Amino acid sequence: MNADPVGALLRVKPGERVPMDGTVRAGQTSIDQAPVTGESIPVDKTTGDPVFAGTINASGTFEMEVTAPASAS
């Protein structure tokens, strides 16, 4: 059984990797997407924005809703 199913809410703190693909549901942050997209500067994220598994939360704590199972990330 998947520990973080689609629809689960997760809290991601500064310095942590985003564990799964999802959507920001609360909070604001900057995400270092270089491991996935190659972008050299962090991208600001706020409510409703997508976040991707394997990226790194660079600043604020945020809550995300999982939108894809780990096998699809």
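Whatever position you read off the sequence shown (first residue = 1), add 585 for this note's numbering.
Ideal Cβ placement from N, Cα and C applies to all residues, glycine included.
As the structure is a computational prediction, the values presented were derived from the model and not from experiment.
On the three-state DSSP scale, how would you describe residue i?
i      : result
SER656 : helix
THR631 : coil
ARG596 : strand
VAL636 : strand
Pull up the DSSP beta-bridge partners for residue i, would you.
i      : result
ILE616 : VAL628, ASN642
MET649 : LEU595, VAL609
Quick one: what's got a C-beta closer than 8 Å to residue i's C-beta in the same chain, skipping five residues either side?
i      : result
GLY639 : ARG602, VAL603, PRO620, VAL621, SER658
MET586 : Bear in mind that the predicted position of MET586 carries a pLDDT of just 45, short of 50, making it unreliable; the figure below should be weighed with that in mind. None.
For residue i, which residues of its own chain have a beta-carbon under 7 Å away from its beta-carbon, when the five flanking residues on both sides are left out?
i      : result
ARG596 : THR646, GLU648
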